[in-house]
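If you read the sequence shown in our numbering, its first letter stands for residue 20, the second for the next number, and so on. All C-beta atoms in this analysis are idealised placements derived from N, C-alpha and C, irrespective of residue type, glycine included. A quick note: this is a predicted structure, and the numbers were derived from the prediction, not measured. Heads up: the structure comes next, in structure tokens.
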Amino acid sequence: MFSNVRKASPLPDPSEALAGRDTPTSLTGVHVVNGRSIQPPFPSTCECAVFGVGCFWGAERIFWQHDGVHTTAVGYAGGSHPIQRTRKCAQA
């Protein structure tokens, strides 16, 4: 039953992947928890990082608890579609 648990799933070929959106989803622009902008421009002291985690909403809460984190946003990254929205920006 668990024989495939340790095997990585292959990424689909771009020709087999689901079609994405032509335009990004609309965002309010303000983080619901900390009230900061989740869209650029960010303060010049910020750097952006992308983290891959399982349950990204649960993981996002961990970042809120750390000093220096300016704002967070969750979503999917990678793949073959040109629109990428996931960024976690930490203030240095």
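Per DSSP, which residues does residue i bridge with? Please list them.
i: residue 78; result: Per DSSP, none; premise fails for residue 78.
So, for residue i: in the same chain, excluding its five sequence neighbours on each side, which residues have a beta-carbon less than 7 Å away from its beta-carbon?
i: residue 93; result: 75, 76, 79, 105
i: residue 58; result: 46, 48
Tell me which same chain residues have a C-beta within less than 8 Å of the C-beta of residue i, skipping the five on either side of it?
i: residue 83; result: 52, 53, 91
Can you list, in chain order, the residues of its chain whose CB lies under 6 Å from that of residue i, leaving out five sequence neighbours each side?
i: residue 33; result: 99
i: residue 73; result: none
If we call anything under 8 Å between Cβ atoms a contact, is residue i one with residue j?
i: residue 65; j: residue 85; result: no
Of all the CB atoms in chain B, is at least one closer than 8 Å to the CB of residue i?
i: residue 62; result: As a matter of chain content, chain B is missing from the structure shown, which is built from one protein chain.
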